[in-house]
Structure formats: C-alpha cells, structure tokens
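Numbering (my numbering), first residue to last: 71 to 378.
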C-alpha cells in the first residue's frame with residue numbers, strides 16, 4: 071500500500087563500531103572477537119527504516135568534514151535519503167558510537183561520542199527550521215539538547231511529534247516536551263528516569279504508562295527487552311510479548327521499533343497494531359548484523375506481522 075505521508079527526522083548520524091566477542095565477555099581483559107563498522111545514529115537509523123518502508127523522508131542531522139563524516143554522507147546519498155537541510159560543520163568530526171556486545175549479541179557496554187551535537191548554533195538552527203516545509207510527522211530524539219528540542223516544538227506546527235528518548239541520561243532532555251508528544255517511545259530505564267517510578271511488576275509498569283498518558287502523551291510505548299513492550303493511550307493499557315527471533319545484533323532494534331509504529335499509525339491502525347508492527351520491525355532488525363536491516367521492507371514486515 072502506497073503511503074502518502076511525509077516525515078522529517080531530526081536526529082543523530084554517527085559511525086557505529088561494534089565489537090563481538092567469541093566467548094563470554096570478560097571485563098578487564100582483552101577479549102578475542104571481531105568488529106563491524108556501519109553507518110548508524112538514532113535519527114539516521116529511523117530515517118533509513120522509514121525510507122525502506124516507502125515514506126518520503128527528510129533527514130535533518132549534523133555532519134562534520136572529516137573522513138568519517140564523508141562516509142556517513144555518502145551512505146545517506148547512496149540510499150536516497152534527503153539530507154540537504156542538514157547542518158554541515160567545518161573543522162568538526164563525525165559522531166561515533168562504540169558498542170561492545172556480550173555472548174548473546176546484546177549490548178554490554180556502549181560509548182557515545184556525540185560532541186558535534188553540542189556545536190549547533192541555535193540561531194542558525196532557528197533560521198533553518200523557518201525555511202523547512204511542513205511534514206505529517208516530525209521525529210525527534212534526545213541527541214539534540216533540550217534547547218534545540220524546545221525550539222523544534224515551538225517553531226514547527228501542524229505535525230505529529232514522535233520522540234525516541236535514546237538513553238538514560240539523555241532521556242531527561244525530553245522532560246519539557248512530554249505534554250506535546252503524539253508518540254513517545256522509551257524503555258524501562260529511560261521511563262524510570264523520566265518519571266521517578268520504579269517498575270517492578272506488571273502493576274507498576276501499568277502505572278508507569280499511565281504517568282505519561284496523564285502528562286499528555288497521546289501514545290506511549292515502553293520497550294522491556296525480553297518481556298516485549300507495554301503501551302497505552304487514554305483508551306487502553308496493554309502489553310505485547312516480543313517476536314521470537316535469531317538475534318545477531320540488537321543495535322538499532324529500538325530505532326526500527328519506532329519505524330514500525332509510525333508505519334502502522336500512518337495507515338490508520340489502532341495502538342495494538344502499532345505495537346505489533348513495532349515488534350515485527352524490531353524482529354527483522356535483530357536478525358541483521360548492522361544498525362538497519364537490508365531486509366527491511368513492507369513485504370517482509372507484513373510477512374512477520376501475518377505470522378503472529
């Protein structure tokens with residue numbers, strides 16, 4: 071089904087360097103394994119996933135002028151991602167994410183070097199936003215500062231805001247934005263940091279969902295790892311188990327989850343289907359050794375959904 075919806079993604083583009091150990095990870099020692107270098111970044115990953123699902127995407131990111139930035143820019147252009155509205159900074163290095171995976175191919179430790187996102191000129195950003203065309207959805211994430219995120223909400227109108235909280239400490243940057251969000255995607259740790267509620271059982275997780283709904287979030291999705299996702303809106307609070315998958319790499323799974331829920335919403339589906347499409351999208355992603363699966367497309371996504 072053709073989607074006549076436009077989306078602008080404001081978010082990070084970075085180079086992912088992912089290390090895999092051949093045996094159980096031993097801290098404080100040199101582990102034998104291998105590394106994979108791929109284009110990544112929460113914003114860029116979401117944009118690529120949505121592009122592969124047939125949306126018209128405008129990626130607003132930040133690039134430097136070093137070789138790693140050239141690598142990122144080239145990868146976006148080869149995919150057909152529109153990045154012309156992004157910021158291109160002189161004498162700046164690309165953002166990088168170093169990930170160490172455990173023996174289950176799940177993230178054990180990550181180092182996020184995102185200094186370039188602290189170099190954004192707020193006045194230049196304001197001028198850029200003023201000149202941008204309207205879109206149906208605006209996806210934002212917390213690699214941008216609170217000041218930038220608040221600017222986006224103030225200057226962009228007639229759009230559905232979708233927010234990914236990215237990580238624990240960065241999630242706090244989203245606090246002032248919560249009442250204005252159409253979709254919030256977060257995880258248990260990030261949701262706990264934002265709310266002060268410690269989720270210990272199903273009841274407390276439901277309380278966590280209700281907290282964000284009461285703040286004004288229209289649709290909230292809290293991913294819970296092996297327990298799937300708990301989600302809700304003013305009409306319902308529910309939970310969905312993950313889809314069994316052969317896990318190759320979990321980096322980017324949350325980003326693909328966002329693309330799945332946006333895809334379902336764009337087709338007018340209810341929140342239960344949104345959660346299902348989110349889990350299906352994540353399932354496709356974890357079976358690929360990279361931040362975004364090359365198998366991500368509508369046909370494969372629908373096939374996973376139909377199997378449930």
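By construction, the Cβ of each residue, glycine as well, lies at the ideal position given by its N, Cα and C atoms.
The C-beta distance from residue 81 to residue 289 rounds to 19 angstroms, too long to fall under 8 angstroms, and the pair is not in contact. If the five residues before and after residue 181 are omitted, its C-beta is found closer than 6 angstroms to the C-beta atoms of 168, all from its own chain and listed in chain order.
Going by DSSP, residue 301 is part of the beta strand (DSSP E) stretching over 299–302. Under DSSP, residue 89 shares a beta bridge with 105, 170. CA-to-CA, the gap between residue 195 and residue 215 works out to about 12 angstroms. Of the residues assessed, residue 269 falls on the buried side of the cut-off, its CB having 16 or more other CB atoms within 10 angstroms. When 211, 371, 342 are compared, the shortest CA-CA separation from residue 355 is found for 371. Residues of the same chain with their beta carbon placed closer than 7 angstroms to that of residue 197 are lacking, with the five preceding and five following residues left out of the count.
Where residue 369 is concerned, the enclosing alpha helix (DSSP H) starts and stops at 368–376. A contact between stretches requires three or more CB pairs, one per stretch, nearer than 8 angstroms, and the region 168–178 fails this requirement with the region 200–209.
With contacts defined as CB atoms closer than 8 angstroms, residue 234 and residue 220 fail to qualify as a contacting pair.
In the three-state reduction of the DSSP assignment, residue 220 falls in the helix class, which pools H, G and I.
Secondary structure note for residue 232: its beta strand (DSSP E) is the uninterrupted segment 230–234.
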